[in-house]
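Following: one structure in structure tokens, then a few remarks.
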Amino acid sequence: MSEGVRVRFAPSPTGPLHVGGLRAALYNYLHAKKNNGTFILRVEDTDQKREVGGSYEYIEESLRWCGLTPDESPSKGGDFGPYKQSQRKNIYKKHIEVLVEKGAAYYAFDKAEDLDMHRKNHEKKGKTFIYNAHNRLKLVNSLSLDKKKVEKLLKTVPYVVRFKMPDNEMVVFEDEIRGKIEVSSRELDDKVLFKSDKMPTYHFANVVDDHMMKITHVIRGEEWLPSLPLHVLLYKSFGWEPPVFAHIPLILKPTGKGKLSKRDGEKFGHPVFPLEWRSGDEKHLGFKEFGVLPEALINYMALLGWSKEDNKEIYSLADLLGSFEIKSVGKSGAKFDFEKLLWLNSQYIQKMSSEEIIKRLSSLNSGKKFNITKEAIDLIKPRIERLADIDIDFGYLFEPQKIDPSLEKKILNDDSKVFLKDYSSMLEKRFESAPQLKEDLGQCSKIGFGKSMGAMRLCLVGKLAGPDLFELMMFLGKKEVLKRIRSVIA
């Protein structure tokens, strides 16, 4: 085992990075950096039929945007490469031969249709077909056939290499989050370690790479928990010390029912990817383009399954490095609460300077429709939940907006228009400060202060919500305010 902490985030390049993968990367990063360790990005591309072009580059850019830059990766290199499994075929070939020679693995020549027939026959009897010690000698493999037959088949037909699962052994292991787990090997099948295309399966490549890259802690999703007994037995078969394992809980849909999937973004109306993803005609909005800050996203992802006893909610990446403990991660799934993420995002926006917000806007499509100024941001910052709001919700700062027809009919009646005419006449004479504008509005109002404010908001904003009315008037200026009032009362 390596002296220093070494962790890896090992995604498959089969599409964009989902929030579940992002959280796994974050927890690995935090554990490594808290312990002065190394964070590795490894690409598990053994299933090349499912590989989607551009996925690796997208994953790398997403991690960079979130501030989770790997110390070792396919792009950055390192002492333990290659960092793409497709470039490590000779390493896997060498190690599978070791297992076969030890008698811990064997060649299997069963045809897919024959195995399918066995499964169906078992289903008819209400049983599950398991390829292991109880039936392997009745199937077509190097354990049931004589040596000459095996040598001939190795040269003439496709074959796989299976792990020889021990018979009736209790597999015992510890998980940092789940505690002690025991599984009987009788419940486990002889998993395929090498496929007929001469590529290793996830299980085999994963264990070999983790050992050779001196990984000390494997932090991954709980969906891999059923595979852990096999991985533990593979380490034992090689005579290697296994790493420390920690299986983090699922991220659930906002409803709490089921795992949040890549397809749920459109269903629930919010992103599930860090950055926008494009592939052919496919396009999905990312959190960045939606106006969520990477600091807020990382803060929220950390809290999906982990928390301290003090119930603190605002954590910078530096704060997390000082506080995060993998043992403090819970066992239960965590609901993705988009409203909570937006609240966190607004907290980060409030802490930023207006100049910094403008700088962030320059990296987005948001804010490019108008000439955003510091004064504009100062006025609306308390109301911003996400950077994309600038174009969507605050266009009234830069040009007149259409008035909601239902509000226009309800609020802009004849009495309101008389008030607007009187107030505009007063504005012609003096337009000096927000307090003075407020005082004058009170003097002109014969319909009540609240109704007068509502009428002015509709003229200037197009709706009843908005920043302080009189600060807004000062921002727009006398000429623009009068122009908008007159367009309503004309």
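If you read the sequence shown in my numbering, its first letter stands for residue 8, the second for the next number, and so on.
Positions of the beta carbon are idealized from the N, C-alpha and C atoms, including for glycine.
Since the structure is predicted, the reported quantities are computational estimates derived from the model, not experimental observations.
Open item on the list: At the level of alpha carbons, what is the spacing between Lys485 and Pro474?
Closed with: Spanning the two alpha carbons is a distance of roughly 17 Å.
Task: Sequence-distant residues of its chain with Cβ nearer than 6 Å to Gly374 (five each side left out) - done: Reliability of the predicted coordinates at Gly374 is poor, the pLDDT of 48 falling under 50, and the value obtained from them is presented with this limitation in mind. Closer than 6 Å at Cβ, skipping near neighbours: Leu368 and Ile397.
TODO: Within its chain, find whatever has a CB closer than 7 Å to the CB of Asn420; leave out the 5 residues flanking it on each side and keep chain order.
DONE: Within the same chain, no Cβ atom closer than 7 Å to the Cβ of Asn420 is found once the five residues on either side in sequence are excluded.
- [ ] Can you check DSSP and say which residues form a bridge with Pro278?
- [x] According to the DSSP secondary-structure assignment, Pro278 is paired through a beta bridge with no residue.
- [ ] Examine the Cβ distances between the region 142-153 and the region 275-282 and report whether three or more of them are shorter than 8 Å.
- [x] Because the criterion of three Cβ pairs below 8 Å is not met, the region 142-153 and the region 275-282 do not touch.
Task: Extent of the continuous beta strand (DSSP E) to which Leu200 belongs - done: DSSP places Leu200 inside the beta strand (DSSP E), whose first and last residues are Val199 to Phe201.
Open item on the list: Relative to the C-alpha of Lys221, which candidate in Lys205, Tyr242 and Phe201 has its C-alpha closest?
Closed with: Selected option, being the one with the closest Cα: Tyr242.
- [ ] Can you have a look at Leu471 and say buried or exposed, based on whether 16 or more other CB atoms are within 10 angstroms of its CB?
- [x] It counts as exposed.
Open item on the list: Which same chain residues end up closer than 6 Å to Ala253 when comparing Cβ atoms and leaving out the 5 residues on each side of it in sequence?
Closed with: Excluding its 5 nearest sequence neighbours in each direction, Ala253 has C-beta neighbours in its own chain below 6 Å: Glu183, Ile184, Ile226 and Ile333, listed in chain order.
Task: Straight-line gap, Lys428 to Ile387 (C-alpha atoms, nearest Å) - done: Their backbone Cα atoms lie some 27 Å apart in a straight line.
- [ ] Could you spell out where the alpha helix (DSSP H) holding Leu235 opens and where it closes?
- [x] In the DSSP assignment, Leu235 falls within the alpha helix (DSSP H) that extends over Leu235 to Phe245.
Open item on the list: Can you check which of these residues, Val105, Lys154, Leu144 and Lys358, is closest to Gly3 by C-alpha distance?
Closed with: Shown here, the chain extends from 8 to 497; a query on residue 3 therefore has no answer.
- [ ] Could you name the residues that DSSP lists as bridge partners for Tyr113?
- [x] For Tyr113, which the question treats as bridged, DSSP gives the partners Arg169.
Task: Residue from Pro23, Leu75 and Val59 with nearest C-alpha to Thr45 - done: The option with the nearest alpha carbon to Thr45 is Leu75.
TODO: Round the Cβ separation of Gly84 and Lys171 to the nearest angstrom and send it over; I've been treating them as touching at under 8 Å.
DONE: Taking the Cβ atoms as the reference, Gly84 lies roughly 37 Å from Lys171, outside the contact range of under 8 Å.
Task: CB of Ser459 within 7 Å of CB of Phe482, strictly - done: Going by C-beta atoms, Ser459 is not nearer than 7 Å to Phe482.
Open item on the list: On the DSSP bridge list, what partners appear for Asp182?
Closed with: Here Asp182 is bridged, per DSSP, to Gly186 and Phe252.
Task: Candidates Lys436, Leu489, Phe343 and Lys424: closest to Gly27 by CA position - done: Shortest Cα-Cα distance from Gly27 to any of Lys436, Leu489, Phe343 and Lys424 involves Phe343.
TODO: Could you please give me the residues that DSSP links to Arg13 through a beta bridge?
DONE: According to DSSP, Arg13 shares a beta bridge with Thr45.
Open item on the list: Is the beta carbon of Ile418 closer than 7 Å to that of Leu467?
Closed with: The answer is no: Cβ separation not under 7 Å.
Task: C-alpha gap between Arg95 and Leu259, whole angstroms - done: Answer to the nearest angstrom: the Cα atoms are 35 Å apart.
Open item on the list: What does the alpha-carbon distance come out to for the pair Lys101 and Ser93?
Closed with: Distance between the alpha carbons of Lys101 and Ser93: 15 Å.
Open item on the list: How far does the alpha helix (DSSP H) with Val225 in it extend, from its first residue to its last?
Closed with: That residue, Val225, is in no alpha helix (DSSP H); its beta strand (DSSP E) goes His224 to Gly228.
Open item on the list: Could you pull the DSSP bridge partners for Trp284 from this structure?
Closed with: Partner(s): His291.
TODO: Check Ser339 in the structure and name its three-state DSSP category.
DONE: The three-state reading of DSSP puts Ser339 in coil, since its state is none of H, G, I, E or B.
- [ ] Quick one: using the 10 Å Cβ neighbour count with 16 as the cut-off for buried, is Glu346 buried or exposed?
- [x] By the neighbour-count rule (16 or more Cβ atoms within 10 Å), Glu346 is not buried but exposed.
- [ ] Kindly indicate which three-state DSSP category Leu259 falls into: helix, strand or coil?
- [x] In this structure, Leu259 counts as strand in the three-state DSSP scheme.
TODO: Kindly indicate which three-state DSSP category Val50 falls into: helix, strand or coil?
DONE: In the three-state reduction of the DSSP assignment, Val50 falls in the strand class, which pools E and B.
Open item on the list: So, under 8 Å CB-CB, Ile255 and Asp196 are touching, yes? Tell me the CB distance rounded to an integer number of Å.
Closed with: Between the beta-carbon of Ile255 and that of Asp196 there is about 26 Å, and that puts the pair past the 8 Å contact cut.
TODO: Tell me whether the beta-carbon of Ser353 lies closer than 7 Å to the beta-carbon of Glu406.
DONE: With respect to Glu406, Ser353 sits apart: the two C-beta atoms are not nearer than 7 Å.
Open item on the list: Using a Cβ distance threshold of 8 Å, determine whether the region 41-55 contacts the region 197-214, with at least three qualifying pairs required.
Closed with: As far as the Cβ criterion goes, the region 41-55 touches the region 197-214, which means the pair count is three or higher.
- [ ] For Lys453, collect the residues of the same chain with a Cβ closer than 7 Å to its Cβ; drop the 5 residues on either side in sequence, then sort them by chain order.
- [x] Excluding sequence neighbours, Lys453 sits near Phe426.
Open item on the list: Restricting to Cα atoms, I'd like to know which of Val336, Leu327, Ile321 and Phe331 is closest to Lys358.
Closed with: When each option's Cα is compared against that of Lys358, the closest is Ile321.
Task: Sequence-distant residues of the same chain with beta carbon closer than 7 Å to Ala32, five excluded per side - done: Only Phe16, Leu70 and Leu75 meet the Cβ criterion.
- [ ] Tell me, please, which residues DSSP counts as bridged to Gly84.
- [x] Partner residues in the beta bridge of Gly84, as assigned by DSSP, are Ser80.
Task: Contact the region 110-119 vs the region 151-170: 3+ CB pairs below 8 Å - done: As far as the Cβ criterion goes, the region 110-119 touches the region 151-170, which means the pair count is three or higher.
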